[in-house]
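First residue of the sequence shown: 19, per the working numbering; consecutive thereafter.
The next block holds one structure in the form of structure tokens; read it before the comments.
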Amino acid sequence: MVNFSQRNPLTPLSSIGLNGESAPRSLILVATLLVAALVPTLTFSQGVLPELVTTDDPAKGPDRLRVLHVTGADSGDVPKNLKKFTNYLRRAGSQHWKLQSQKAIQLKGTQPLEVPLPEKLGKAIISVDTKRVATVRFLDPQGKSLGKYRSSRFPLVIVNQRMKLKGQPYVFILDLPAKK
């Protein structure tokens with residue numbers, strides 16, 4: 019018969035294996051756990067997942083976008099700085115185009131940002147959620163909606179038939195910043 023009353027109760031050190039008999043085994047276990055905890059940290063800091071690492075350069079930040087306001091023109095062709103969007107512009111209803119303005123915007127998290135549209139067309143409210151889905155809402159000067167567009171593909175080229183400048187089509191382009 020075994021007498022259980024003579025066994026010593028477990029002390030905190032003996033419960034994790036530091037009671038003298040198995041100290042080398044427990045040190046190996048602790049060292050392995052430390053290495054396992056540090057390996058993912060080293061992997062992320064070396065650039066394995068660059069989209070999770072933020073940069074200090076605002077031109078390369080994930081929350082920088084370019085906004086281009088383009089209108090149809092009576093003569094000319096697609097300007098050189100709009101060659102990237104030629105296929106989109108040709109389908110928008112005009113052969114000749116003119117860049118009205120171009121602006122780089124900085125989004126602050128998922129907060130929406132208001133961008134004025136040229137020549138009293140109204141304003142665009144731009145927001146990008148955490149999954150990189152852009153939402154653009156157009157409002158006229160009175161605050162009535164002219165349309166809402168969502169897309170995860172860039173460049174986001176929007177042509178709205180209700181927004182025209184001097185009878186010419188107006189195109190709103192939301193693009194990622196140019197890589198340097």
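Using N, Cα and C, we set each Cβ at its ideal position, and we do this for glycine too.
List the DSSP bridge partners of residue i.
i	result
Y188	T89
R171	Paired residue(s): none; R171 is not in a bridge.
E132	I143
K116	T89
K182	P187
Here's a check: name, in chain order, each residue in its chain whose Cβ is nearer than 6 Å to the Cβ of residue i, leaving out the five neighbours to either side.
i	result
G94	H114
K121	V85
I143	P130, E132, R155
Does the distance from the C-beta atom of residue i to that of residue j stay below 8 Å?
i	j	result
A152	L192	yes
K141	L131	no
V146	L174	no
V88	Q118	yes
V177	A91	no
E137	L107	no
CA-CA distance, residue i and residue j?
i	j	result
N99	S163	30 Å
Q179	G127	31 Å
G165	M181	10 Å
L70	T50	With a pLDDT of only 34 at L70, under the threshold of 50, the placement of this residue in the model should not be trusted; the figure read from the coordinates follows. Straight-line Cα distance between these residues: approximately 26 Å.
P159	L135	10 Å
P97	G161	32 Å
Leaving aside the five residues before and after residue i along the sequence, list all residues of the same chain whose C-beta is less than 8 Å from its C-beta, in chain order.
i	result
S169	V151, A152
In this structure, does DSSP put residue i in helix, strand or coil?
i	result
L100	helix
T50	helix
R109	coil
R150	coil
Going along the chain, which residues of its own chain have a beta-carbon closer than 7 Å to the beta-carbon of residue i, five neighbours each way excluded?
i	result
F103	P173, V175, I191
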